[in-house]
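Participant: Quick one: the structure is below, and I'll ask about it shortly.
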Amino acid sequence: MILVAFGIIGLLTLFLIYFVLRIQNLQRELALTRHSVKQSNSKVNYAYHNLVMVTDALEKAYVSRIESAFKSKLIEQSQYNALLPLMRNFSSVVMLCNEKGATLEEALKKALSSESTSFEDVVEVVKTLPSNVRMSWSKNTADGFINFCQLVTNTVNGNKTKSQASPSQDAQAS
């Protein structure tokens, strides 16, 4: 009887030692995981901060391009009235799409709610733009919107890259 009691005590002691060692390993893993999460959060915050800075810089560039095109009479008043609010809200639209997972349409409707221009007014102007610009718009994503803004500001200012130039222009240049 005493041997059974000592056997049970020994077995329980082995279980206790196993669980103590297991808890210590789990605590080490938890500490490493916490450290890794802190590093990841730091990187995410740094990337987020840089994304905000880049979108703000692009917003200013796009606004100045649209205003310059309007002052140079390269775009009409209706185009200016529709495109300027888009460019002024570029950063907030991109951030809404990235942070909240919103579609371009949802983000634009929210951003344009405080503007005199409606989403439908913008869509009407987009319909008049070249097909490559409309294709970027139709993606309904942040990257499509970024590409759209780049293309539309290049198009209205007459800055076409070689791939955007028409083949007839290339033939005439030769």
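Taking numbering that gives the first Met the number 0, the leading residue of the sequence shown gets 0, the next gets one more, and so forth.
Ideal placement from N, C-alpha and C gives every residue a C-beta, glycine not left out.
Quantities reported herein were computed from a predicted structural model and do not represent experimental measurements.
Go ahead and pull the three-state DSSP assignment for threonine 116.
Facilitator: As a first step, residue 116 must be located in the sequence shown, where it is residue number 117. Three-state DSSP puts threonine 116 in coil, outside helix and strand.
Participant: Can you tell me the Cα-Cα spacing of leucine 2 and leucine 31, whole angstroms?
Facilitator: Here residue 2 corresponds to residue number 3 of the sequence shown, with the count starting at 1. Here residue 31 corresponds to residue number 32 of the sequence shown, with the count starting at 1. If I take the Cα positions, the gap works out to 44 angstroms.
Participant: Could you give the C-beta distance for isoleucine 65 and threonine 152, rounded to a whole number, given that I count them as a contact under 8 angstroms?
Facilitator: In the sequence shown, counting from the first residue as 1, residue 65 sits at position 66. In the sequence shown, counting from the first residue as 1, residue 152 sits at position 153. Between threonine 152 and isoleucine 65 the Cβ distance is about 6 angstroms, and since that is below 8 angstroms, they are a contact.
Participant: Helix, strand or coil, according to DSSP, for leucine 128 in the structure here?
Facilitator: Mapped onto the sequence shown, residue 128 falls at position 129. Coil at leucine 128, not helix or strand.
Participant: Flag this pair as touching only if the stretch 86 to 102 and the stretch 39 to 46 have three or more C-beta atom pairs under 8 angstroms; answer yes or no.
Facilitator: no
Participant: Starting from leucine 13 and walking both ways along the alpha helix (DSSP H), at which residues does that stretch end?
Facilitator: Your numbering for residue 13 matches position 14 in the sequence shown. Where leucine 13 is concerned, the enclosing alpha helix (DSSP H) stretches over 1 to 70.
Participant: Do valine 92 and phenylalanine 144 count as a contact pair if the criterion is CB distance below 8 angstroms?
Facilitator: Reading the sequence shown from its first residue, position 145 is the one you call residue 144. Reading the sequence shown from its first residue, position 93 is the one you call residue 92. Yes, the pair counts as a contact, with Cβ atoms nearer than the cut-off.
Participant: Might you give, ordered along the chain, the residues of its own chain that have their beta carbon closer than 6 angstroms to the beta carbon of alanine 60, omitting 5 neighbours on each side?
Facilitator: Walking along the sequence shown from the start, residue 60 turns up at place 61. Answer for alanine 60: no residue qualifies.
Participant: Taking the alpha helix (DSSP H) that leucine 73 falls in, what are its first and last residues?
Facilitator: As a first step, residue 73 is located in the sequence shown; it is residue number 74 there, counting from the start. First-last for leucine 73: undefined, no H or E at that position.
Participant: Could you give the residue range of the alpha helix (DSSP H) that holds glycine 143?
Facilitator: Working through the sequence shown from its first residue, we reach residue 143 at position 144. From DSSP, the alpha helix (DSSP H) with glycine 143 extends over 141 to 155.
Participant: Would valine 124 pass as a contact of leucine 82 if the rule is Cβ separation under 8 angstroms?
Facilitator: Sequence index remark: in the sequence shown, residue 124 carries index 125 (1-based). Sequence index remark: in the sequence shown, residue 82 carries index 83 (1-based). For valine 124 and leucine 82, yes; Cβs fall inside 8 angstroms.
Participant: Quick one: is methionine 134 buried, meaning 16 or more other Cβ sit within 10 Å of its Cβ, or exposed?
Facilitator: For the purposes of this step, residue 134 is taken as the residue at position 135 of the sequence shown. Per the 10 Å Cβ criterion, exposed.
Participant: When you compare only the Cα positions, how much space is there between glutamate 119 and glutamate 58?
Facilitator: Here residue 119 is taken as the residue at index 120 of the sequence shown, counted from 1. Here residue 58 is taken as the residue at index 59 of the sequence shown, counted from 1. Cα to Cα, the separation comes out at about 22 angstroms.
Participant: Roughly how many angstroms separate the alpha carbons of isoleucine 22 and leucine 11, rounded to a whole number?
Facilitator: If you number the sequence shown from 1, residue 22 lands on position 23. If you number the sequence shown from 1, residue 11 lands on position 12. Spanning the two alpha carbons is a distance of roughly 16 angstroms.
Participant: With a Cβ-Cβ cutoff of 8 angstroms, do leucine 103 and alanine 141 count as a contact?
Facilitator: Start at 1 with the first residue of the sequence shown, and residue 103 comes out as number 104. Start at 1 with the first residue of the sequence shown, and residue 141 comes out as number 142. Yes, the Cβ-Cβ distance between leucine 103 and alanine 141 is below 8 angstroms.
Participant: Taking the CB atoms as reference points, tell me whether valine 155 and alanine 68 lie closer together than 8 angstroms.
Facilitator: Numbered from its first residue, the sequence shown carries residue 155 at position 156. Numbered from its first residue, the sequence shown carries residue 68 at position 69. Yes, Cβ-Cβ distance for valine 155 and alanine 68 is below 8 angstroms.
Participant: Please list the terminal residues of the continuous alpha helix (DSSP H) segment that includes lysine 108.
Facilitator: Here residue 108 is taken as the residue at index 109 of the sequence shown, counted from 1. 103 to 110 is the span of the alpha helix (DSSP H), which, as asked, contains lysine 108.
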